[in-house]
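*Asks:* So for the sequence shown, the numbering used here puts the first residue at 10; every next one is plus one.
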Amino acid sequence: MNYDAYSFVIDFAFMSMLLVIAQFFRSKVKFLQKFYIPSSVLAGLMGLLCGPQGLNIIPWSEKIGSYAYLLICVVFAGLYLGKKEKLNIKKIFRNVGDTFCINMATEFICFGSALLIGGLILLAAFPSVFREFTLLLPAGFCGGHGYASTIGTALDHLLGREDCVQIGQTFATIGLLTGLFVGIICINFAARKGATCFIKKADKLPEECRTGIVPIGNRKSMGEETINPMSMDPLAWHMSLTLLATLIGYKFYYWYKEYLPNIELPIMCLTMLAGVLIQTILNHTSFKDTIDKHVEDRIGSMITDYLVGFGVASISITVVQMYLLPIIILCVLGVIWPLIMVFVVGRKLFHNYWFERSIFVFGWCTGVVAIGVTLLRICDPEMKSKALDDYGTAYTLISIIEVFIVALTPQLAVSMGCGIVGTIELLIGISLLFLCARMYGIHKGKISEVRNEEMG
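#1: In chain order, what are the residue ranges of uninterrupted alpha helix (DSSP H) at least 4 long that sit wholly in the stretch 184-248?
#2: Let me check understanding here. Comparing Cα to Cα, which of MET24, VAL321 and ARG356 lies closest to GLN175?
#3: Please determine, among THR405, PRO390, LYS357 and ILE160, the residue with the shortest C-alpha to C-alpha distance to ILE101.
#4: Is the CB-CB distance between GLY177 and ALA148 below 8 Å?
#5: Leaving aside the five residues before and after PRO275 along the sequence, list all residues of the same chain whose C-beta is less than 7 Å from its C-beta, in chain order.
#6: Within a Cβ cutoff of 6 Å, which residues of the same chain sit near GLN42, ignoring the five residues on either side of it in sequence?
#7: From LEU442 to PHE21, what distance separates their C-alpha atoms?
#8: Look at the Cβ atom of MET277, then the Cβ atom of ILE81, and state whether they are nearer than 8 Å.
#9: Measure the CB-CB distance between GLU365 and ALA396 and report whether it falls below 8 Å.
#10: Rounding to the nearest angstrom, what Cα-Cα distance links GLY221 and PHE369 in this structure?
#11: For THR299, which residues of its own chain have a beta-carbon under 8 Å away from its beta-carbon, when the five flanking residues on both sides are left out?
#12: At the level of alpha carbons, what is the spacing between VAL382 and PRO224?
#13: Please specify which runs of the alpha helix (DSSP H), each continuous and at least 4 residues long, are wholly inside the stretch 103-160, giving them in chain order.
#14: For ILE46, verify whether its CB is less than 7 Å away from any heavy atom of the ligand ATP.
#15: According to DSSP, simplified to helix, strand and coil, what is LEU90?
#16: Counting Cβ pairs closer than 8 Å, one from the stretch 311-329 and one from the stretch 88-97, do we hit at least three?
#17: Between which two residues does the alpha helix (DSSP H) containing SER325 stretch?
#18: Can you tell me whether MET392 is helix, strand or coil according to DSSP?
#19: Sorted by chain position, which residues of the same chain lie with C-beta nearer than 7 Å to LYS393's C-beta, five sequence neighbours on each side aside?
#20: Cβ atoms of ASP107 and LEU348: under 8 Å apart, would you say?
#21: Mind checking whether CYS110 and VAL351 have CB atoms under 8 Å apart?
#22: Quick one: what's got a C-beta closer than 6 Å to GLY309's C-beta in the same chain, skipping five residues either side?
#23: For VAL18, count neighbouring C-beta atoms within 10 Å of its own C-beta (all shown protein chains included) and say buried if the count is 16 or more, exposed if not.
#24: Below 8 Å on the Cβ atoms is my contact criterion, and I expect PHE180 with PHE150 to pass it. Report the Cβ-Cβ distance as a whole number of Å.
#25: Mark VAL341 as exposed unless 16 or more other C-beta atoms lie within 10 angstroms of its C-beta, in which case mark it buried.
#26: Taking contact to mean at least 3 C-beta pairs separated by less than 8 Å, is the stretch 423-443 in contact with the stretch 114-132?
#27: In terms of alpha-carbon separation, which member of ILE451, GLU217, THR327 and GLY454 lies closest to LYS37?
#28: Please return the same chain residues whose Cβ sits closer than 7 Å to the Cβ of GLY284, not counting the five positions on each side in sequence.
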């Protein structure tokens, strides 16, 4: 069947139907509520089951595997729209230096250990599997379905393969679910040991967090109308800017490819830079206050739900079966470091609320930031630890570094070798931990010890 504009719309219409059904199940099924399974993941699993690889009820087009990468480009296009604060590295290190160092080190070590240690495991146990396979583990675990699509697409181009995106999506789905299930187990364990500051067990979140339905009286505005609807709908204005940044990044990619065909810059990074450019230009015009960051965040969050849904629904069962054992072994490796980060690194290096801050890091480095927020809200319902606020401040710098990680790691892994790149990234991550220890000291007390910053 030919793919056309109607195919695109029908694919999104079917996914919308699955998201509605998934949200209904989330509001009714206790198991889904107990483990806070996102509706987008459930919709994707239903899409996989009902698609051509399963019951063949939903006639997905042959292009749904490309939607995740398309959508992450749009998400990144709006990432900096509405941000007006300037990057201040000195202020970041002064206020949230430990948060920056530990979060950044965690990501580098996730990539480095997968490339180096995972590469050695593959070489010993599965010599026929291509070496760059290991890079898809941190792509899925640290960056979720968006990064999995980005790095998978880059590897497909660099290696002339067609299965890297599907493998990355598999890792992303496993990582997301692992982050939720293992994260809740960690919270219950820490609560029993007296390491949590605000709860005694992991079942204290409000009912709305379980069912997904916010009751009347607790609902908040999604944003402000910065453009008069008589001129242009405010949502259309924000969406137009987001898609304009996407267009600029997309066009620039194909322009520079004519001159530098061997250089692979992810389109998502280019769309983000285009968003920065647009915001910078608008800041010098009368339109500087017409972008509501809350609206942009909601657009990005909305697109992410579709991204995850299509990412899961497009997983190739044949590819998973082909690489099942390497996937399982690498997933075990992918969970080991985040657990060490929580109960060793975070416990020793975070200056206050070590478990709350650490479980947030665990969530995003096995799934996505949303999973980290979910786990944080379970053990810190009122956000008293300020872990999310500090991460938001540190992310101003982290996001820039992440662009280089995502853009350069696939190319360097292919050209220099996974072992060399893995060693370099491991050393960077370890150096950041030593820097954090030097700046803030090492805590040697018991797991339940109350630190000075937590008193009162």
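Where is the CB? At the ideal position from N, CA and C, for every residue including glycine.
*Replies:* In short:
#1: As far as the stretch 184-248 is concerned, its whole alpha helix (DSSP H) runs of at least 4 residues are 216-220.
#2: Of MET24, VAL321 and ARG356, the residue nearest in Cα terms is VAL321.
#3: Measuring from the Cα of ILE101, the nearest candidate turns out to be THR405.
#4: Yes, the Cβ-Cβ distance between GLY177 and ALA148 is below 8 Å.
#5: Counting only Cβ-Cβ distances below 7 Å, and skipping sequence neighbours, we find THR159, ALA163, VAL415 and ALA416.
#6: Excluding residues up to 5 positions away in sequence, ARG219 lie with their Cβ nearer than 6 Å to the Cβ of GLN42 in the same chain.
#7: Just so you know, the alpha carbons of LEU442 and PHE21 end up roughly 43 Å apart.
#8: In contact: MET277 and ILE81 (Cβ atoms closer than 8 Å).
#9: Against a cut-off of 8 Å, the Cβ pair of ALA396 and GLU365 comes out as a contact.
#10: For GLY221 and PHE369, the distance between alpha carbons rounds to 20 Å.
#11: Excluding residues within five positions, the ones whose Cβ falls inside 8 Å are THR235, ILE236, TRP246 and LEU291.
#12: If I take the Cα positions, the gap works out to 21 Å.
#13: Taken in chain order, the stretch 103-160 contains no complete alpha helix (DSSP H) segment of 4 residues or longer.
#14: As for the ligand ATP, it is missing from this structure, which has no ligand bound.
#15: In the structure shown, LEU90 sits in coil (DSSP, three-state: anything other than H, G, I, E or B).
#16: Flag = no, the stretch 311-329 and the stretch 88-97 do not touch.
#17: Careful: SER325 lies outside any alpha helix (DSSP H) and carries neither H nor E.
#18: Here DSSP, grouped into helix, strand and coil, assigns MET392 to coil.
#19: Excluding its 5 nearest sequence neighbours in each direction, LYS393 has C-beta neighbours in its own chain below 7 Å: PHE207, listed in chain order.
#20: Between LEU348 and ASP107, the C-beta spacing is not below 8 Å.
#21: In this structure, the beta-carbon distance from CYS110 to VAL351 does not fall below 8 Å.
#22: Excluding sequence positions up to five before and after GLY309, its CB lies within less than 6 Å of the CB of VAL84 and GLY87, all in the same chain and listed in chain order.
#23: VAL18 should be labelled exposed.
#24: Beta-carbon to beta-carbon, PHE180 and PHE150 are separated by about 6 Å, close enough to satisfy the 8 Å threshold.
#25: Per the 10 Å Cβ criterion, exposed.
#26: Under the Cβ criterion (8 Å, minimum of three pairs), the stretch 423-443 counts as touching the stretch 114-132.
#27: Scanning ILE451, GLU217, THR327 and GLY454 for the CA closest to the CA of LYS37 turns up GLU217.
#28: Here the set comprises ALA86, GLY87, LEU88, TYR89, LEU90 and ALA254.
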